[in-house]
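Residue numbers (UniProt numbering), protein chains in the order written: chain A, 1 to 204; chain B, 1 to 204.
Okay, structure first, notes after.
2 protein chains.
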Amino acid sequence: MTSEGVGPGTVRPGGRTARVRTAVLRAAGDVLAEHGLAGLDLADVARRAEAGKTTVYRRWGTPANLVADLLTDMAEQSLPRTETGTLLGDLRANARLVQRTLADPRQGALFRAVIAAATCDREAAAALRRFYDVRVTEWEPCARQAVERGELPEGTDTREVIRAVSAPLYYRLLTTDEPLDEAAADRAAEAAVAAARAGVFTRE
Amino acid sequence: MTSEGVGPGTVRPGGRTARVRTAVLRAAGDVLAEHGLAGLDLADVARRAEAGKTTVYRRWGTPANLVADLLTDMAEQSLPRTETGTLLGDLRANARLVQRTLADPRQGALFRAVIAAATCDREAAAALRRFYDVRVTEWEPCARQAVERGELPEGTDTREVIRAVSAPLYYRLLTTDEPLDEAAADRAAEAAVAAARAGVFTRE
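Below you can see the structure in the form of structure tokens.
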């Protein structure tokens, strides 16, 4: 599964409770990808997951809580970063991972839906922020190592460098119908490197 | 009204139909800012706008159509670009306009709501794309003039330069709870200039 570190379909060990959660989150992801946030109904998710309706209502309660738990799971299953030895190589790997995720029909629709959920629910917004925090923390060492190698100026805000790679890809997804292709990914990585080298992300 | 070219409250000339539209779109913007997309109800909008319920249902039909018309109106009322004589000056003015809009409680909430609407409705998505097309078209000459002045390489995709300014600000709004301050705006402008100068946005 191509993903920004997302693999809700992965089979994981665990008891009955863990298996139910896996099935429910998988079903929730399917519903969000197919019908968006407005189509997320707990009874429907329970039916698809072959889980008890009462269990699902008791454990998650609201669609927003389900979205928040899905994001927690997505963060837990994050893919590790790639290290290539150069900042541009590392950030290109990061950009292509984000691009493949957002360009994938299921994952792209899922991310659109969780971003929509975050705009109207505090719980979902906090979970979305935690998801990106985890992803930035995973990739931040690539920028830190670039500072250590002398590729970037001392005092660079290394988390901001990683965010700069994702920003144009998400902006393109949400506000244009232009293709999210590999060229867009490479441009995002190159733009982040050029700005970081120029000292734009250096803390005052 | 601070805005990315948005002034639904502006008094404009026109007949009764135009006045009704102005009042309805103003009310729709208020509801979206206060309650998000999920709270947008045509009967409530009609009541707030002191317009006939039948008129509102006949003219807009669905919340998504109302969002689309609001975006059309926002695009029509776009503020003109600032020209300062340098690319960095122009893009900083653009970044600060976007930042002030998104940092404003009403406008920020309104933009969150219309982005959410665009994730789940084709009509709203098309209207959102048209809104950004209009904004990019308004500001693109700043980058084109920079190419003509020799500040940027020939063959630069000048629309992409303008989009690069907005992207980190929207990404910050949607995925973090970090402040959207003037420093973030200036950093967005500087990053776009550094990347554009390095030739990142040059078409192959």
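Cβ atoms here follow ideal geometry from the backbone N, Cα and C, with glycine treated the same way.
Is B/T84 helix, strand or coil when you go by DSSP? coil
Step through the CB atoms of chain A and report whether any lies within less than 8 Å of the CB of B/G155. No, B/G155 lies away from the interface with chain A (no Cβ there is under 8 Å from its Cβ).
Applying a beta-carbon distance threshold of less than 7 Å, which residues of chain B neighbour A/S166? Y171
Integer Cβ distance of A/Y132 from B/T175, believed to fall under 8 Å: 5 Å
Look at B/V20 and B/T55 and say whether their C-beta atoms are less than 8 Å apart. yes
Give the secondary structure of A/T62 by DSSP, where H, G and I count as helix, E and B as strand, and everything else as coil. Residue state, collapsed to three classes: coil.
So, is the C-beta of B/T158 closer than 8 Å to a C-beta in chain A? no
Identify which residue in B/G36, B/V193, B/T22 has its Cα closest to the Cα of B/A109. B/G36
Positions along the segment 175-187 of chain B whose CB lies within less than 7 Å of some CB in chain A: T175, T176, D177, R187
For A/A93, I'd like the list of residues in its chain whose CB is within less than 6 Å of its CB, leaving aside the five on either flank, ordered along the chain. T82
Leaving out five residues before and five after A/A192 in sequence, what residues of the same chain have Cβ atoms less than 7 Å from its Cβ? Once the five neighbours on either side are set aside, the close Cβ partners of A/A192 are L91, V161, A164, V165.
Between which residues of its own chain and B/I115 is the CB-CB distance below 6 Å, once the five residues before and five after are set aside? none
Contact list for the UniProt DNA-binding region "H-T-H motif" (41-60) of chain B against chain A, Cβ threshold 7 Å: Going along the UniProt DNA-binding region "H-T-H motif" (41-60) of chain B in chain order, one finds no residue with a Cβ nearer than 7 Å to chain A.
Give every residue of the same chain whose Cβ lies closer than 8 Å to the Cβ of A/R187, excluding the five residues on either side of it in the sequence, and list them in chain order. P168
Does A/E123 have its Cβ less than 8 Å from a Cβ in chain B? Answer no: the Cβ-Cβ gap between A/E123 and chain B never drops below 8 Å.
If you draw a straight line from the C-alpha of A/R112 to the C-alpha of B/D121, how long is it? 11 Å
In chain B, what lies closer than 7 Å to A/T72 by C-beta? By Cβ distance, chain B contributes nothing, its closest Cβ being about 15 Å from A/T72, past 7 Å.
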